[in-house]
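> Input: one structure, supplied below.
Residue numbers (the numbering used here), protein chains in the order written: chain X, 11 to 364; chain Y, 3 to 173.
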């Protein structure tokens with residue numbers, strides 16, 4: 011069909027001058043890689059700067075602990091070496107790469123592994139606190155928190171990502187923005203079964219961070235982006251739904267949280283105002299805002315418990331507290347205080363609120 | 003190092019072919035070079051995976067065509083490149099001069115088409131891809147490829163009827 015059309019198209023195509031693009035392509039690729047590294051580091055730095063800003067400014071009074079219960083205080087300097095089978099909180103020093111596991115009853119252990127190059131990757135504590143997963147180029151590191159044993163898992167990617175372990179600790183998942191039009195979600199069974207990769211259509215905003223959250227029953231995942239989210243159903247077979255776009259200006263750099271049933275997620279506004287940051291509770295079905303709350307600008311959102319409580323990492327007066335609130339930001343409760351000489355700690359939380 | 007030299011070899015071997023397709027899409031040498039460069043840079047960032055998965059070229063071409071559509075949206079290239087469509091030519095004499103003249107008219111007419119239609123025509127009639135392959139490359143349905151192809155051809159037929167004269171006579 012259209013032989014003459016083809017001939018004319020070939021005639022036009024011949025006008026293109028073939029030039030050697032190798033020097034330009036290689037130089038540009040180096041630049042893009044450098045920018046990506048800088049963007050990852052910038053996310054960490056912005057969090058650290060926000061912490062510093064709050065440390066030097068008055069903060070809201072913390073809620074008193076429930077009657078009859080003292081808030082445990084943990085000094086990371088006293089942490090013993092080795093694992094902690096009932097860890098609820100993982101804390102990492104973004105400068106040294108040292109990692110601690112902490113329980114809200116006041117026990118702490120330092121892990122025998124170091125995160126030498128974080129590049130914005132946060133260690134994620136999962137599977138009832140029994141596994142801690144770290145991302146890294148081409149490889150994920152899984153640490154069993156009971157005995158501190160380390161497993162390296164090869165992953166076919168050279169991008170930054172946040173590996174997440176399924177609730178039954180049998181599957182490692184990670185997501186990567188393909189920088190074109192989709193996110194590729196990979197499920198790696200932690201046995202000899204081959205991995206599965208799914209294309210997740212993006213909601214229109216790409217991001218250096220592509221966090222994943224598992225539902226508490228292990229039947230689905232929510233893949234978050236800069237301003238959107240996509241639900242993935244795993245049964246009867248893995249299938250991605252249409253992604254939802256968030257109209258408001260929200261980012262992932264200051265933390266995020268997903269409801270255990272994946273119905274809602276929380277992201278924060280990038281620009282604090284008057285020392286406080288606005289957070290939106292968003293509907294995972296359509297991206298609309300359901301609730302709005304504010305917290306001090308230095309707070310990081312690190313979890314959402316089964317009792318619909320948001321978990322916050324709150325720097326104050328030279329120490330750090332783990333607080334919870336309801337989804338409207340009310341009913342503040344202090345769970346734990348951490349003392350440390352370090353001022354650049356980040357944390358993740360697992361477990362229901364006890 | 004092996005991966006780096008493999009990428010280098012791919013760029014050296016395929017740049018010409020990619021540039022020709024990009025030139026048809028953009029109608030401009032500089033834009034074509036930028037488009038190919040952009041696709042190759044994206045491929046370089048995941049080269050190990052692409053090589054492990056077999057042939058990296060489908061990925062590069064997918065990026066090239068989809069990037070073209072998004073570039074067009076952002077820059078409105080067509081408005082700059084093709085303000086006027088030449089009048090349809092009436093002669094159908096198939097000599098060299100006429101082929102060149104038809105190519106000129108076709109070039110401008112192509113640039114007046116929406117980017118997806120243009121991409122479909124280039125893929126179907128220059129690269130000789132099947133409808134299924136085109137749908138896969140552009141991330142749309144086969145039905146969309148068919149309708150975009152029909153609309154694109156219809157538009158070209160009104161502007162450059164000579165291109166279709168022989169075909170219509172021979173039916």
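Backbone N, C-alpha and C define an ideal beta-carbon position, used for all residues, glycine too.
Which runs of the beta strand (DSSP E) spanning at least 3 residues fall entirely within the stretch 240-288 of chain X, listed in chain order?
You should have 274-278.
> Going by the beta-carbon positions, is the gap between residue 335 of chain X and residue 323 of chain X smaller than 9 Å?
No; because the gap between Cβ atoms is not below 9 Å, this pair is not in contact.
> Taking Cβ positions, are residue 198 of chain X and residue 163 of chain X nearer each other than 9 Å?
Taking 9 Å as the Cβ cut-off, residue 198 of chain X and residue 163 of chain X qualify as a contacting pair.
> Using a Cβ distance threshold of 8 Å, determine whether the stretch 84-98 of chain X contacts the stretch 112-119 of chain X, with at least three qualifying pairs required.
Yes, the stretch 84-98 of chain X is in contact with the stretch 112-119 of chain X.
> Using a C-beta to C-beta distance shorter than 7 Å, which residues of chain Y count as neighbours of residue 27 of chain X?
Those are 31, listed as they occur along chain Y.
> Give me the subset of the stretch 3-23 of chain Y whose CB atoms are less than 8 Å from a CB atom of chain X, sorted by chain position.
Correct list: 10, 13, 14, 17, 18, 21, 22, 23.
> Given that residue 127 of chain Y touches chain X, what residues does it touch there, using C-beta distances under 7 Å?
By Cβ distance, chain X contributes 12, 15, 16, 19.
> Rounding to the nearest angstrom, what Cα-Cα distance links residue 120 of chain Y and residue 29 of chain Y in this structure?
One C-alpha to the other measures close to 11 Å.
> Looking at the C-beta of residue 172 of chain X, does it have a partner C-beta in chain Y at a distance below 9 Å?
No - not a single Cβ of chain Y is within 9 Å of the one on residue 172 of chain X.
> Alpha carbons only, please: which of X:174, X:350, X:316, X:337 is nearest the one belonging to residue 326 of chain X?
Closest by alpha carbon: X:350.
> Determine the direct distance from the alpha carbon of residue 254 of chain X to that of residue 296 of chain X, and round the result to whole angstroms.
In a straight line, the C-alpha of residue 296 of chain X is about 5 Å away from that of residue 254 of chain X.
> Measure the alpha-carbon distance for residue 352 of chain X versus residue 304 of chain X and round it to whole angstroms.
For residue 352 of chain X and residue 304 of chain X, the distance between alpha carbons rounds to 26 Å.
> So residue 145 of chain X and residue 173 of chain X are in contact, right, with Cβ under 8 Å, and what is the actual spacing, rounded?
Residue 145 of chain X to residue 173 of chain X, Cβ: 5 Å. Contact.
> Distance check for residue 259 of chain X and residue 145 of chain Y, CA to CA, integer angstroms please.
Near 37 Å, if we compare the C-alpha coordinates of residue 259 of chain X and residue 145 of chain Y.
> Could you compute how far the alpha carbon of residue 136 of chain X sits from the alpha carbon of residue 152 of chain X?
Straight-line Cα distance between these residues: approximately 10 Å.
> So is residue 39 of chain X in contact with chain Y if we call contact Cβ pairs under 9 Å?
So yes, residue 39 of chain X belongs to the interface.
> Leaving out the 5 sequence neighbours to the left and right, which residues in its chain are closer than 8 Å to residue 412 of chain X when beta-carbon positions are compared?
With chain X running from 11 to 364 in the structure shown, residue 412 of chain X is simply not present.
> Going by C-alpha distance, which of X:273, X:308, X:245 is nearest residue 288 of chain X?
Comparing Cα-Cα distances from residue 288 of chain X to each of X:273, X:308, X:245, the minimum goes to X:308.
> Any heavy atom of the ligand MN closer than 8 Å to the Cβ of residue 95 of chain X?
The ligand content of the structure shown is nil, which means the ligand MN is not present either.
> Name the two residues that bound the continuous alpha helix (DSSP H) containing residue 194 of chain X.
First-last for residue 194 of chain X: 192-199, but that is the beta strand (DSSP E), not the alpha helix (DSSP H).
> Tell me the rounded alpha-carbon separation between residue 155 of chain Y and residue 293 of chain X.
Approximately 44 Å between the Cα atoms of the pair.
> Beta-carbon separation of residue 195 of chain X and residue 184 of chain X under 9 Å?
Yes.
> Rounding to the nearest angstrom, what Cα-Cα distance links residue 345 of chain X and residue 231 of chain X in this structure?
So the alpha carbons of these two residues sit roughly 28 Å apart.
> Buried or exposed for residue 44 of chain Y, please, with buried defined as at least 16 other CB atoms from any protein chain shown within 10 angstroms of its CB.
Buried is the call here.
> Starting from residue 186 of chain X, trace the beta strand (DSSP E) in both directions and tell me its first and last residue.
Looking at the DSSP string, the run of the beta strand (DSSP E) that includes residue 186 of chain X is 181-187.
> Cβ of residue 17 of chain Y within 9 Å of Cβ of residue 31 of chain X?
Yes. Within cutoff.
> What is the residue span of the alpha helix (DSSP H) that residue 151 of chain Y lies within?
Start and end: 144-161.
> Note down, in chain order, every chain X residue with its Cβ under 8 Å from the Cβ of residue 119 of chain Y.
Ordered by position in chain X, no residue passes the 8 Å Cβ test against residue 119 of chain Y, which lies about 14 Å from the chain.
> Helix, strand or coil: which one does DSSP assign to residue 353 of chain X?
Coil, per DSSP.
> Can you give me the start and stop residues for the beta strand (DSSP E) that residue 316 of chain X sits inside?
Here residue 316 of chain X belongs to no beta strand (DSSP E), and DSSP marks it neither H nor E.
> In whole angstroms, give me the CA-to-CA distance for residue 133 of chain X and residue 247 of chain X.
Spanning the two alpha carbons is a distance of roughly 28 Å.
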